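The structure under discussion appears below in the form of C-alpha cells.
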Amino acid sequence: YRIASYRDESGATIIDFGINAIGGIQAGVLLAEICMGGCAEIQVNAATSDGSSYVQVMTDDPVMACMAAQYAGWPVQCGKFFAMGSGPMRLKRGREPVLTRFGWQDESDQAVGVLECDCFPDSAVCNMIAEECRVPPDRLILCVAPTRSIAGSIQVVARSVETCLHQLFELGFDLRQIISATGTAPLPPPAVDFVQGIGRTNDAILYGGMVRLWVQASDEAIASILPSLPSQASKDWGRPFAEIFQQYGGDFYQVDPRLFAPAVVQICNLSTGKSWKAGTLRPDVLANSFGMDSLV
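In C-alpha cells form, the structure reads like this:
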C-alpha cells in the first residue's frame with residue numbers, strides 16, 4: 004500500500020496514507036473503506052474515454068457506513084492542530100446529533116479514526132481524541148492523509164452517498180428507510196495546495212457525483228424532498244468550490260450546507276416500484292476546476 008505507521012509518544016498508532024508516505028490508489032480505497040467502518044465496498048474504475056477515473060461506492064448498510072462512521076462531523080482541534088475527523092471513532096465519541104438521534108453506541112475497546120490533515124497529530128492531540136473516545140491512547144489508531152494526496156482524494160470523493168444521506172437527515176427523512184445505496188464521482192487530478200485540493204474533491208461530488216438509493220417509504224415522502232437533495236438546490240451552486248470557499252474567507256462552515264450534495268440523485272422505492280431522479284451534471288464547472296478543457 005506504500006503507507007507507513009509509527010507509535011506516538013502517547014501510545015497511539017498513527018498510519019500515514021499520504022503525508023510523508025506516497026500512498027496511492029490501493030491505499031485510498033483502503034482508507035475510504037476504513038472511514039466507512041468496513042460497511043461499504045470502494046472501487047476506482049479505470050479511465051474512461053474522456054480521461055476520467057471514477058470512485059464508486061456500494062453499501063447495503065448505508066446509514067451505519069455513512070452517518071455513524073464516514074461523515075466528517077468531528078472538527079478535531081487541539082492547540083494549533085486542526086483536522087476534519089471521521090471514521091468509526093465518531094461513534095465511540097458519540098456526541099453528535101445524528102448519533103444520539105438513533106441511539107447508536109460502540110462499546111468496543113479501541114477507536115479507529117481518519118484525519119484529513121497536512122501534518123501529523125502530536126501527543127496532545129492523540130490524548131485528547133483518546134479521552135473523548137473513552138479509550139486509553141494505546142488503543143487509538145489514527146489514519147492520516149492530506150486532501151491533495153492520492154489516498155486523501157479518493158477518501159473524500161468516496162463521500163457521494165454520505166453527502167446525500169446527510170441532506171436527507173437534515174430534511175427530516177427517516178434514514179432507517181434507506182436499504183441500499185451506490186454512488187460515483189470523478190477522481191480529480193492532483194492538487195498542489197490545500198485550497199485547490201479541497202476545491203477539486205468537493206467539485207467532483209457537487210458537479211459530477213451521482214447517487215442511487217433504494218428505499219422503503221411512501222411515494223409522497225420521496226417526492227416532497229427530492230427537489231431539495233441535489234447540490235443545485237443551494238444558492239452557492241454553479242461555481243468551483245475553491246472560489247466559493249475563498250469567498251467565505253476560508254471558513255468551511257460558512258458555505259451553504261445545502262451545497263454539500265451530489266449533482267444527481269435517483270431514488271427507487273422498493274415499496275411501490277416507482278423511481279425519481281433530480282439534479283444535473285456540470286462538466287463545464289468540472290473542466291474549470293480540474294483544469295481539463297477536454298471535459299467540455
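The sequence shown begins at 4 in our numbering and counts up by one.
Each residue gets a CB set at the ideal place from its N, CA and C atoms; glycine is no exception.
Note that the structure is a prediction, hence the values are computed from the model and not measured.
#1: If you check the beta carbons only, do methionine 92 and isoleucine 28 fall under 9 Å apart?
#2: Can you tell me whether aspartate 239 is buried or exposed, with buried defined as 16 or more other CB within 10 angstroms of its CB?
#3: What residues in its chain sit with their C-beta under 8 Å from that of valine 47, if we drop five residues either side in the sequence?
#4: Is alanine 207 helix, strand or coil when you go by DSSP?
#5: Please state whether the Cβ-Cβ distance between valine 79 and proline 124 is less than 9 Å.
#6: Hey, would you say glycine 186 sits closer than 9 Å to valine 214, going by beta carbons?
#7: Excluding sequence positions up to five away, which residues of its chain have a Cβ less than 6 Å from the Cβ of serine 221?
#8: So, do the segment 196-205 and the segment 222-238 have three or more beta carbon pairs nearer to each other than 8 Å?
#9: Please work out which residues of its chain come closer than 6 Å, Cβ to Cβ, to alanine 7, disregarding the five sequence neighbours upstream and downstream, and give them in chain order.
#10: Taking the alpha carbon of aspartate 109 as the point to measure from, which residue in Ser183, Leu94, Leu118 and Ala75 has its own alpha carbon closest?
#11: Secondary structure at alanine 281, three-state DSSP: helix, strand or coil?
#12: Does the segment 156-173 touch the segment 204-212, meaning 3 or more C-beta pairs lie closer than 8 Å?
#13: Excluding the 5 residues preceding and the 5 following cysteine 122 in the sequence, name in chain order all residues of the same chain whose CB lies nearer than 8 Å to its CB.
#14: Is DSSP giving serine 297 helix, strand or coil here?
#15: Go through the segment 118-161 residue by residue and report every complete run of the alpha helix (DSSP H) that reaches 4 residues or more, in order.
#16: For glycine 26, report the span of its beta strand (DSSP E) as first-last.
#17: Cα-Cα, which of Ala264, Val115, Ile144 and Gln257 is closest to alanine 310?
#18: Out of Gly97, Ala127, Gly175 and Val258, point me to the one whose CA is closest to aspartate 11's CA.
#19: Just verifying my parser: in three-state terms, what is the DSSP assignment at phenylalanine 263?
#20: For glutamate 135 and threonine 275, I'd like the C-alpha separation in whole angstroms.
Checking against the coordinates, here is how it stands:
#1: no
#2: buried
#3: Ile28, Gly31, Val32, Ser56, Tyr57, Val58, Gln59, Ile157 and Leu190
#4: helix
#5: yes
#6: yes
#7: none
#8: no
#9: Asp19 and Ala24
#10: Leu94
#11: strand
#12: yes
#13: Ile22 and Phe84
#14: Caution applies to serine 297, whose pLDDT of 46 falls short of 50 and renders its modelled position unreliable; the value that the coordinates give is listed next. Residue state, collapsed to three classes: helix.
#15: 126-135 and 153-160
#16: Segment: none, glycine 26 is in no beta strand (DSSP E) and carries neither H nor E.
#17: Summary: the structure shown does not reach residue 310, with the chain confined to residues 4 through 299, and so no result is reported for it.
#18: Ala127
#19: coil
#20: 44 Å
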